[in-house]
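Undergrad: Numbering (numbering that gives the first Met the number 0), first residue to last: 0 to 375.
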Amino acid sequence: MIKVLHSVLSLEVGGLENGVVNLINNMPDDMQVDVLCLRGKGTLIDRISHPRANIIFSGCIDDHSIKGGVKGHWDVLKNNKYDILHTHGWTTMLTGAIAAWGQRLTSFSKKPLVVNGEHGVYYDQHWRQRLMQKWLFQQMDGNLTVSADLGQRMEKAFNLPAKTFFPILNGVDTQRFKPDSSIRSSRRISLGFDENHLVIGTVGRLVEVKNYPMLIRTFHKLYQEFPHVRLVFCGDGDQRSTLEALVAELNLQGLVTFTGRINTVAETMQAFDLFALTSDMEGLPNTLLESMASGVPAVVTDVGGSREVIPHEGGYLVPARDEVALLDRLKLLVANEDKRKSVQDTAIKHIQNNLSMKSMADAYYGYYRELIKSRS
């Protein structure tokens with residue numbers, strides 16, 4: 000039986016965290032897949048359903064404390080014989096690797112192997128941290144990314160050899176995210192929309208990198224020509240007050256809805272007619288995959304791995320920060336119901352055939368098995 004420990008700061012709502020939960024739930028039942036939360040548990044723990052998954056709360060990290068993170072990993076690793084420690088991002092990679100290497104030295108073992116996963120946004124750091132991060136990438140037993148684009152950007156940013164990172168695309172739960180006309184009307188009513196409205200929705204944290212002001216400004220122009228359109232933001236974050244102020248400045252009150260954080264994304268997407276995402280940077284946005292699976296035509300900025308998952312005529316890519324291009328594509332879909340239906344059908348078929356949760360889980364399971372075999 001393969002035993003894997005995932006390490007995250009918490010399982011609060013976010014793309015990385017959602018991806019980890021999806022991965023755990025879709026691993027084979029005969030695997031042990033535990034998750035270590037260094038800072039806090041988070042609301043997503045309630046979604047973990049794997050029969051052999053243990054949720055371990057350390058609470059040992061405050062403000063990215065290296066000492067606390069190493070201790071948190073050490074305490075868990077010394078009492079469990081994991082085959083793989085799968086870290087997710089800089090802090091867990093650094094502290095987890097130190098603890099894992101210490102365990103290997105003291106137990107005269109080759110395990111646990113250390114695999115790090117990069118999920119999207121990375122920031123310019125102090126040069127010392129960049130050097131340390133580059134060195135760590137080179138010491139990992141494996142480096143994973145959620146898209147080929149992200150891996151290439153990481154290799155360029157850290158001056159690493161090609162193929163340092165191995166991409167495994169995210170998958171989507173096609174049982175949860177699928178067209179469901181039976182709840183469309185009730186969801187629209189609960190959000191304040193009727194069947195005469197054309198609803199453009201987006202889901203994600205209200206943070207700067209999402210560039211939601213671009214979406215609001217573009218919606219303002221779209222509304223001048225199509226007064227039946229409405230816009231809804233599902234999510235919360237430190238930019239919410241700024242976005243609400245922009246809505247007021249453009250006199251869009253009553254036309255733009257902020258739901259705050261929700262736990263019913265799959266159901267709420269049934270209220271959308273279009274999905275829009277205006278990020279300046281992404282890894283591979285789960286919400287894009289979810290909208291495609293739900294039959295909601297998507298218009299998204301051409302960043303991260305979005306290009307790798309949108310098929311021809313199955314959605315639209317626009318250059319980042321290009322409001323003219325965004326407006327043009329939204330107009331095309333708002334004005335043409337047949338085009339929306341065509342995009343919807345193409346996207347659903349592509350997701351079901353290529354980007355299901357099972358295909359993602361199979362890829363990770365195969366990667367784990369081959370890595371363990373290669374180090375035996």
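C-beta atoms are modelled at their ideal positions from N, C-alpha and C, and glycine is treated no differently.
1. Can you tell me which of the three DSSP states THR90 falls into?
2. Check whether the stretch 238-249 and the stretch 275-291 are in contact - that is, three or more C-beta pairs closer than 8 Å.
3. Which partner residues of PHE56 appear in the DSSP bridge assignment?
4. By Cβ distance, which residues of its chain are closer than 6 Å to GLY150, with the 5 residues on each side in sequence left out?
5. Let me confirm a value: ALA319 is counted as buried when at least 16 other C-beta atoms fall within 10 Å, else exposed. Which label applies?
6. From the DSSP output, in three-state form, read off VAL206 for me.
7. Just how far apart, CA to CA, sit ARG175 and PRO212?
8. For VAL12, does the three-state DSSP call read helix, strand or coil?
9. Go to LYS330, then tell me how far its alpha helix (DSSP H) extends in each direction, as first and last residue.
10. Going by DSSP, what residues sit across from ASN195 in a beta bridge?
11. Check each candidate in LEU254, PRO160, GLN124 and ASP272 and name the one with the smallest Cα separation from HIS137.
12. On the criterion of 16 or more Cβ atoms from any shown chain inside 10 Å, does GLU369 qualify as buried, or is it exposed?
13. Looking at C-alpha atoms only, which residue of VAL299, ALA292, SER106 and MET131 is the closest neighbour of THR345?
14. Give every residue of the same chain whose Cβ lies closer than 7 Å to the Cβ of VAL412, excluding the five residues on either side of it in the sequence, and list them in chain order.
15. Where in the stretch 200-254 do unbroken runs of the alpha helix (DSSP H), each at least 4 residues long, occur, reported from the N-terminal end onward?
16. Assuming GLN269 and ARG339 are in contact, meaning their beta carbons sit under 8 Å apart, how far apart are those beta carbons, in whole angstroms?
17. Quick one: using the 10 Å Cβ neighbour count with 16 as the cut-off for buried, is ARG306 buried or exposed?
18. Are VAL383 and LEU197 touching if we call contact CB-CB under 8 Å?
19. Which whole-angstrom value is the C-beta distance of LEU37 and GLY14, which I expect to be below 8 Å?
20. Under DSSP, the alpha helix (DSSP H) around GLY68 begins and ends at which residues?
21. Name the two residues that bound the continuous alpha helix (DSSP H) containing VAL308.
22. Cβ of PRO226 versus every heavy atom of the ligand FAD: is any distance shorter than 7 Å?
23. Report all residues from its chain with a CB closer than 8 Å to the CB of TYR222; omit the five preceding and five following residues, and keep chain order.
24. Tell me the start and end of each unbroken alpha helix (DSSP H) in the stretch 145-173 that is at least 4 residues and wholly inside, in chain order.
25. Kindly indicate which three-state DSSP category PHE176 falls into: helix, strand or coil?
26. How close, in whole Å, do the beta carbons of SER57 and LEU35 come, if the pair is a contact with beta carbons under 8 Å?
27. Among VAL19, HIS118, ARG328 and THR90, which has the Cα closest to the Cα of LYS66?
28. Give the range of the beta strand (DSSP E) segment to which TYR81 is assigned.
29. Starting from GLU117, trace the beta strand (DSSP E) both ways and give me its first and last residue.
30. Taking DSSP's pairing of strands, which residues face GLN31 in a bridge?
31. From this set, ALA147, VAL264 and SER373, which residue's C-alpha is nearest GLY304's C-alpha?
TA: For this structure:
1. The residue given as residue 90 occupies position 91 in the sequence shown. Looking at THR90 - three-state DSSP - the assignment turns out to be helix.
2. no
3. Taking the sequence shown and counting its residues from 1, the one referred to as residue 56 is at position 57. PHE56 is bridged to CYS36.
4. Along the sequence shown, one-based indexing puts residue 150 at 151. Excluding sequence neighbours, GLY150 sits near THR144, PHE164 and PRO166.
5. If you number the sequence shown from 1, residue 319 lands on position 320. So ALA319 ends up on the buried side.
6. Working through the sequence shown from its first residue, we reach residue 206 at position 207. VAL206: coil per DSSP, three-state reduction.
7. Here the question's residue 175 lines up with position 176 in the sequence shown. Here the question's residue 212 lines up with position 213 in the sequence shown. C-alpha separation (whole angstroms): 30 Å.
8. Walking along the sequence shown from the start, residue 12 turns up at place 13. Coil, per DSSP.
9. Reading the sequence shown from its first residue, position 331 is the one you call residue 330. It spans 322-334 - the alpha helix (DSSP H) in which LYS330 sits, taken as one unbroken run.
10. By 1-based counting over the sequence shown, the position of residue 195 is 196. For ASN195, which the question treats as bridged, DSSP gives no partner whatsoever.
11. Residue mapping note: residue 137 aligns to position 138 of the sequence shown, counting from 1. Correcting the residue type first, residue 137 is Gln in the shown sequence and not His. The shortest C-alpha separation from GLN137 is found at PRO160.
12. Residue 369 sits at position 370 when you count from the first residue of the sequence shown. With fewer than 16 other Cβ atoms within 10 Å, it is exposed.
13. In the sequence shown, counting from the first residue as 1, residue 345 sits at position 346. Ranking the options by Cα distance to THR345, first place goes to ALA292.
14. Missing from the structure shown is residue 412; the chain here goes from 0 to 375 and no further.
15. 211-224 and 239-248
16. What you label residue 269 is simply residue 270 of the sequence shown in a count that begins at 1. What you label residue 339 is simply residue 340 of the sequence shown in a count that begins at 1. That belief does not hold up - the Cβ atoms of GLN269 and ARG339 are roughly 15 Å apart, past 8 Å.
17. By one-based count along the sequence shown, residue 306 stands at place 307. Looking at its Cβ environment, which holds fewer than 16 other Cβ atoms inside 10 Å, ARG306 is exposed.
18. Because the chain is modelled from 0 through 375, residue 383 falls outside the range shown and cannot be assessed.
19. Here residue 37 is taken as the residue at index 38 of the sequence shown, counted from 1. Here residue 14 is taken as the residue at index 15 of the sequence shown, counted from 1. About 18 Å separates the two Cβ atoms, so there is no contact after all.
20. Here residue 68 corresponds to residue number 69 of the sequence shown, with the count starting at 1. Counting along the chain, the alpha helix (DSSP H) containing GLY68 begins and ends at 65-76.
21. Start at 1 with the first residue of the sequence shown, and residue 308 comes out as number 309. Looking at the DSSP string, the run of the alpha helix (DSSP H) that includes VAL308 is 305-308.
22. The ligand FAD is not part of the structure shown, which contains no ligands of any sort.
23. Taking the sequence shown and counting its residues from 1, the one referred to as residue 222 is at position 223. Within the same chain, TYR222 has close Cβ partners VAL228, LEU251 and LEU254.
24. 147-156
25. Position 177 of the sequence shown, counted from the start, is the residue given in the question as residue 176. If DSSP states are grouped into helix, strand and coil, PHE176 belongs with coil.
26. One-based indexing of the sequence shown puts residue 57 at position 58. One-based indexing of the sequence shown puts residue 35 at position 36. So it is a contact: roughly 6 Å between Cβ atoms.
27. Residue mapping note: residue 66 aligns to position 67 of the sequence shown, counting from 1. Nearest C-alpha to LYS66: THR90.
28. Position 82 of the sequence shown, counted from the start, is the residue given in the question as residue 81. That residue, TYR81, is in no beta strand (DSSP E); it is neither H nor E in DSSP.
29. In the sequence shown, counting from the first residue as 1, residue 117 sits at position 118. It spans 112-117 - the beta strand (DSSP E) in which GLU117 sits, taken as one unbroken run.
30. On the sequence shown, residue 31 is found 32 positions in, with the first residue counted as 1. LYS2.
31. Numbered from its first residue, the sequence shown carries residue 304 at position 305. Of ALA147, VAL264 and SER373, the residue nearest in Cα terms is ALA147.
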